[in-house]
Each structure stands twice: as C-alpha cells, then as structure tokens.
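Worksheet: the structure to be examined is printed underneath.
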Amino acid sequence: MGELIKWALNAERVRKLTETLTGARAEAREADCSEVGDDTECNQCKLQEGALLPAVPRRAIRRENRINWEYQLYIANLHAAPERFSYCDKDTGMPMADFDFSIAKQVWNAATGKPQPVPAQLNVTEWLYNGVWFDGFWRDKCTVVDAKGRYAQFLDDQGLPHAGFPAWGVFPDMINEARNQISAVAPARPQASIEWHFLQHEVYEWAKDAIPPEIKCVPSPWQRMVQA
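So this is what it looks like as structure tokens:
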C-alpha cells in the first residue's frame with residue numbers, strides 16, 4: 001500500500017523518468033534495428049514501456065460530465081488486458097469502484113453510514129508513454145486509444161466548429177493533441193498505432209477529415225447503462 005501511494009503521489013517524477021527511459025531505449029533500438037532481421041525484439045510493442053498512472057493534471061470529473069469519463073473508461077478497457085483503467089482517488093491513486101452522484105444515493109449513504117466519494121476527490125488512470133497521456137492501451141493490439149465524448153454541441157448544422165471558443169479553442173486543441181500523440185508514438189512504429197473513438201457521429205465526421213491520418217478515427221457509439 002505504501003509503495004502504491006508513493007507511486008501515485010510522485011506521478012510527475014515517474015512521467016519524467018518514463019519519458020527519459022523511453023527516449024533512450026528508442027535511440028538504442030533505432031541503431032540496433034538497422035543491423036538485425038525481422039525476428040527480433042525490434043518487432044515487439046514498445047508501447048508496453050509506458051505506465052498506467054493517475055492522470056496529471058487531475059481530470060475534472062463532475063456529475064454533469066460524468067458520461068464523458070464513463071465513455072473514456074469504456075473505450076480504454078474495451079480491449080485492455082491485463083491493464084484495467086478506472087476511477088481512482090486523486091491523492092492515493094487507489095482504484096475506486098463505481099459510484100452514484102445522485103441525491104437519492106447520497107441520502108441513502110448518509111443514512112447507512114456508507115462513505116461516498118465526491119467529484120473533487122476523483123481522478124482516472126491513463127496510459128503515459130513517451131511523456132504523453134493516452135486514455136488507454138490495448139497491449140494485444142499494440143495500440144493506444146483516446147475517447148472523444150460529447151463534442152457535437154460545439155459544431156453547427158454543417159458540421160463545422162461554432163464561432164468563438166469552439167473554433168479557436170476546442171477543435172484546434174484537439175488537433176494539437178493529435179500531433180503530440182503522433183510524435184510520441186513515432187519511435188514505436190510501425191508496430192504501434194493510435195485510435196481515436198467517437199461517441200457522436202457528427203464529431204467523427206469532422207475528425208476523419210481534420211485529424212492527421214496517422215490516427216485512425218473510429219465511430220464508436222455507446223449506450224450508457226442506467227443504474228436501477
């Protein structure tokens with residue numbers, strides 16, 4: 001327990017160490033792979049050198065945007081093994097089971113004395129590779145993934161970003177994120193790949209033309225499970 005807490009609280013230190021080690025390994029392997037055949041570790045998935053950690057900075061999980069985080073964890077775990085991505089405590093990094101933000105549930109927990117996490121105490125675990133965060137890692141597919149939830153509200157009827165913040169903030173930031181991920185994964189190619197999954201088809205339609213082709217954009221609709 002003590003080691004896990006120390007690991008989570010020093011996530012930034014681990015991030016820097018991971019970035020340094022990954023870069024050093026990549027440089028060494030680039031030299032080695034020029035002199036060897038195909039049946040070597042050069043064909044292994046270098047993405048596995050990353051680490052599953054509490055995201056830094058802490059993700060802003062609120063009742064209003066919880067569906068986006070649930071979708072992220074759904075995509076992250078879709079083909080993940082043995083890794084398991086989850087909500088976690090923001091201070092200790094300990095995984096947290098499902099929870100309910102509803103008033104009824106809070107009243108019930110108060111009446112029964114059961115502790116209930118509050119949004120401000122939550123974070124999620126993600127995959128850190130080469131200094132860049134990804135929502136998930138599918139080891140068997142040598143693929144890092146990101147999930148894009150409810151962004152359709154920022155698009156007009158023609159599927160273009162609304163004027164203002166969506167046009168100069170939301171979608172340019174998404175393109176910059178794509179470029180950063182492509183750069184981070186470059187040392188792990190050609191075995192490695194990146195997939196972005198989209199909850200809403202309108203956002204997928206925008207992304208398939210706007211996001212660089214090194215990232216595979218996938219429409220992945222999902223129906224949120226409603227708790228009884």
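The opening position of the sequence shown corresponds to residue 1 in UniProt numbering, with each subsequent residue numbered one higher.
Glycine included, C-beta positions come from ideal geometry on N, C-alpha and C.
N- and C-terminal bounds of the alpha helix (DSSP H) containing residue i
i, result
"Leu73", "Arg66 to Ala76"
"Ala178", "Phe171 to Val185"
"Asp209", "His201 to Ala210"
Supposed close pair residue i, residue j - CB separation, criterion 8 Å
i, j, result
"Val118", "Phe134", "At roughly 27 Å, the Cβ-Cβ gap does not stay under 8 Å, so Val118 and Phe134 are not in contact."
"Leu47", "Ala147", "Between Ala147 and Leu47 the Cβ distance is about 17 Å, and since that is not below 8 Å, they are no contact."
"Phe137", "Gly50", "6 Å"
"Gly159", "Glu126", "Not really, about 29 Å apart at Cβ, beyond 8 Å."
"Glu83", "Leu52", "5 Å"
Spatial distance of residue i from residue j (CA atoms)
i, j, result
"Val161", "Arg150", "In the sequence under discussion, the amino acid at residue 161 is Pro, which differs from the Val named in the question. Cα-Cα distance, rounded: 13 Å."
"Gln167", "Glu177", "This sequence places Ala at residue 167; Gln is not what is there. Those two C-alpha atoms are separated by around 15 Å."
"Val107", "Asn123", "23 Å"
"Ala81", "Leu73", "13 Å"
"Leu199", "Lys141", "21 Å"
"Pro219", "Ile67", "17 Å"
"Asn65", "Tyr71", "10 Å"
"Asp91", "Cys45", "31 Å"
"Asp157", "Val203", "12 Å"
"Gln153", "Ile215", "23 Å"
"Met96", "Cys217", "30 Å"
"Arg29", "Arg189", "For Arg29, the predicted model reports a pLDDT of 47, less than 50, meaning its position is unreliable and no value from the coordinates is stated."
"Pro57", "Leu155", "27 Å"
"Arg224", "His79", "18 Å"
DSSP-derived helix/strand/coil call for residue i
i, result
"Trp222", "coil"
"Leu47", "helix"
"residue 253", "The question about residue 253 has no answer, for the chain in this structure spans 1 to 228."
"Pro166", "helix"
"Ala81", "coil"
"Arg189", "coil"
Residues bridged to residue i [DSSP beta-bridge criterion]
i, result
"Asp146", "Trp196"
"Phe134", "Trp127"
"Ile61", "In the DSSP output, where bridge partners are listed per residue, Ile61 has none listed."
"Lys216", "Glu195"
"Pro161", "Leu155"
"Pro95", "Cys88"
Boundaries of the beta strand (DSSP E) in which residue i is found, first to last residue
i, result
"Ala51", "Ala51 to Pro54"
"Val124", "Leu122 to Tyr129"
"Gln87", "The residue asked about is misnamed: residue 87 is Tyr in this sequence, not Gln. Note, Tyr87: beta strand (DSSP E), Tyr87 to Asp89."
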